[in-house]
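So that you can map any letter, position 308 of the sequence shown is 338 in the numbering used here, and since no number is skipped, the others follow by simple counting.
Reviewing the structure listed below.
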Amino acid sequence: MRPSTDPANTAELNRLLRGGPFHLALRAALAARGLPLQRVQHRLAAQGIKVGVTSLSYWQQGARRPRQPESLRAVTALERILELPDGALVRLLAVPDPASVTGPAARPAGRSYRALFSGGGTVERLLDGMELPPDGGLHSLGHHERVRIGAAGELRVRESQQIVRAHRDGVDRYLAVHHGDPGCDVSRVRVTAYENCRTGRVRCHPEAGVVVAELLFDARLRRGDTYVFGYGVEDGTGPRSGEYVRGFSYAGGQYMLQVHFDASALPVRCRRFARTGPDAPRTGLADLTPSGRHRAVHLVEQSVRRGILGIAWDWD
Numbered sequence: 031m032r033p034s035t036d037p038a039n040t041a042e043l044n045r046l047l048r049g050g051p052f053h054l055a056l057r058a059a060l061a062a063r064g065l066p067l068q069r070v071q072h073r074l075a076a077q078g079i080k081v082g083v084t085s086l087s088y089w090q091q092g093a094r095r096p097r098q099p100e101s102l103r104a105v106t107a108l109e110r111i112l113e114l115p116d117g118a119l120v121r122l123l124a125v126p127d128p129a130s131v132t133g134p135a136a137r138p139a140g141r142s143y144r145a146l147f148s149g150g151g152t153v154e155r156l157l158d159g160m161e162l163p164p165d166g167g168l169h170s171l172g173h174h175e176r177v178r179i180g181a182a183g184e185l186r187v188r189e190s191q192q193i194v195r196a197h198r199d200g201v202d203r204y205l206a207v208h209h210g211d212p213g214c215d216v217s218r219v220r221v222t223a224y225e226n227c228r229t230g231r232v233r234c235h236p237e238a239g240v241v242v243a244e245l246l247f248d249a250r251l252r253r254g255d256t257y258v259f260g261y262g263v264e265d266g267t268g269p270r271s272g273e274y275v276r277g278f279s280y281a282g283g284q285y286m287l288q289v290h291f292d293a294s295a296l297p298v299r300c301r302r303f304a305r306t307g308p309d310a311p312r313t314g315l316a317d318l319t320p321s322g323r324h325r326a327v328h329l330v331e332q333s334v335r336r337g338i339l340g341i342a343w344d345w346d
């Protein structure tokens, strides 16, 4: 399709290229050239640059800004594809984009993975490689999690059902993070989609024992939409486990954690606890007694706070 000759569109594009923000300039350039994102992706691929349609969509929405070297290379290529002056888009990335940090749709600042876990920096690098918004564009309304401990005391399976609400348009996936126990073999960890989703990209960090899995929804959400999905993580590769924790970067939503023990390996004591960070002392300690034949303990938090919640147990 030939470039737009509408003087108003051309003037608006020129204004945005002068002053930004980046995402609006990119959106205007795409509209002026009449190029759908799929065609742009194909042209980038022809130049050996791998960028997903979802990433391109997030860039033009202002939900994510290109940061990785491959992404910046893609922006330079986009300038040629969209027939823009050299550096027209790249230089806009040097200016903070107020649309991404302010406004009525913005979320309150959350805690970083570095502030929650000792290996949080590794998780953040894996997430950055996925080119998705830092908070995923979702609020958690409810998260029910079941963990099964095996006969050798190892973490065998964890199953999650989550209820979320989108706080921006176009959200169609969730990134699940699994922290295995020290010594686990992440190459043998399996992530399975159970309900209303399917498994996409999976990234691992063997030294840190971290697995990040992309769960693709069966629908693209609009702002305000709710969604229910379920998935499971099969591990069983680590040594005897002594606790299970869940970190919360953002406050709000209900959380339920239930831990089941094998009949041949019952702990002598179980406790729930909370922590503000990886090196912080445990607070909110409360003893938990495994229930009869189900050999399970649980905790329920009606409205979570930023930080860490978990259950710990002693074997002898």
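A virtual CB, placed ideally from N, CA and C, is assigned to each residue, including glycine.
*CB residue 288 to CB residue 208, shorter than 9 angstroms?*
Counting from 1 along the sequence shown, the entry for residue 288 is found at position 258. Counting from 1 along the sequence shown, the entry for residue 208 is found at position 178. No; because the gap between Cβ atoms is not below 9 angstroms, this pair is not in contact.
*Report the rounded CA-to-CA distance for residue 257 versus residue 286, giving the unit in angstroms.*
As a position in the sequence shown, residue 257 is number 227, starting the count at 1. As a position in the sequence shown, residue 286 is number 256, starting the count at 1. Straight-line Cα distance between these residues: approximately 18 angstroms.
*Beta-carbon separation of residue 267 and residue 218 under 9 angstroms?*
Along the sequence shown, read from residue 1 onward, the residue named residue 267 stands at position 237. Along the sequence shown, read from residue 1 onward, the residue named residue 218 stands at position 188. Going by C-beta atoms, residue 267 is nearer than 9 angstroms to residue 218.
*Residues bridged to residue 84 (per DSSP)*: The sequence position of residue 84 within the sequence shown is 54, counting from 1. Answer is none; residue 84 lacks a bridge partner.
*Please look up how many angstroms separate the CB atoms of residue 298 and residue 344, rounded, as I've assumed it's under 8 angstroms.*
As a first step, residue 298 must be located in the sequence shown, where it is residue number 268. As a first step, residue 344 must be located in the sequence shown, where it is residue number 314. With 8 angstroms as the limit, residue 298 and residue 344 qualify as a contact, their Cβ atoms being about 5 angstroms apart.
*Starting from residue 58, trace the alpha helix (DSSP H) both ways and give me its first and last residue.*
Along the sequence shown, one-based indexing puts residue 58 at 28. Residues 52-63.
*Leaving out five residues before and five after residue 241 in sequence, what residues of the same chain have Cβ atoms less than 6 angstroms from its Cβ?*
Numbered from 1 along the sequence shown, position 211 holds the residue referred to as residue 241. Only 208, 216, 219, 234 meet the Cβ criterion.
*The alpha helix (DSSP H) enclosing residue 229, as first and last residue numbers*: On the sequence shown, residue 229 is found 199 positions in, with the first residue counted as 1. Premise fails: residue 229 lies in the beta strand (DSSP E), 227-235, not in any alpha helix (DSSP H).
*Tell me whether residue 225 is buried or exposed, calling it buried when 16 or more other Cβ atoms sit within 10 Å of its Cβ.*
Position 195 of the sequence shown holds residue 225. Exposed, since its Cβ has fewer than 16 Cβ neighbours within 10 Å.
_Buried or exposed by the 16-neighbour rule on C-beta atoms within 10 Å, applied to residue 170_ = Reading the sequence shown from its first residue, position 140 is the one you call residue 170. Classification of residue 170: buried, given that the 10 Å Cβ count is 16 or more.
*Considering residue 327, what are the terminal residues of the beta strand (DSSP E) in which it resides?*
Stepping through the sequence shown from its first residue, residue 327 is reached at position 297. First-last of the beta strand (DSSP E) with residue 327: 326-331.
_Counting beta carbon pairs with one atom in the stretch 291-307 and one in the stretch 335-342, are three or more of them shorter than 8 angstroms?_
yes
*Classify residue 106 as helix, strand or coil using the three-state DSSP reduction.*
As a first step, residue 106 must be located in the sequence shown, where it is residue number 76. Helix, per DSSP.
*Within 10 angstroms of the Cβ of residue 194, are there 16 or more other Cβ atoms? Answer buried if so, exposed if not.*
On the sequence shown, position 164 is the one that residue 194 refers to. Counting Cβ neighbours within 10 Å, residue 194 comes out buried, since at least 16 surround it.
*Per-residue burial, residue 77 [other beta carbons within 10 Å of its own, 16 or more giving buried]*: If you number the sequence shown from 1, residue 77 lands on position 47. Looking at its Cβ environment, which holds fewer than 16 other Cβ atoms inside 10 Å, residue 77 is exposed.
*Give a yes or no on whether the C-beta atoms belonging to residue 247 and residue 204 are separated by under 9 angstroms.*
The residue you call residue 247 lines up with position 217 of the sequence shown. The residue you call residue 204 lines up with position 174 of the sequence shown. In contact: residue 247 and residue 204 (Cβ atoms closer than 9 angstroms).
*DSSP-derived helix/strand/coil call for residue 119*: Walking along the sequence shown from the start, residue 119 turns up at place 89. The answer is coil: DSSP assigns residue 119 none of H, G, I, E or B.
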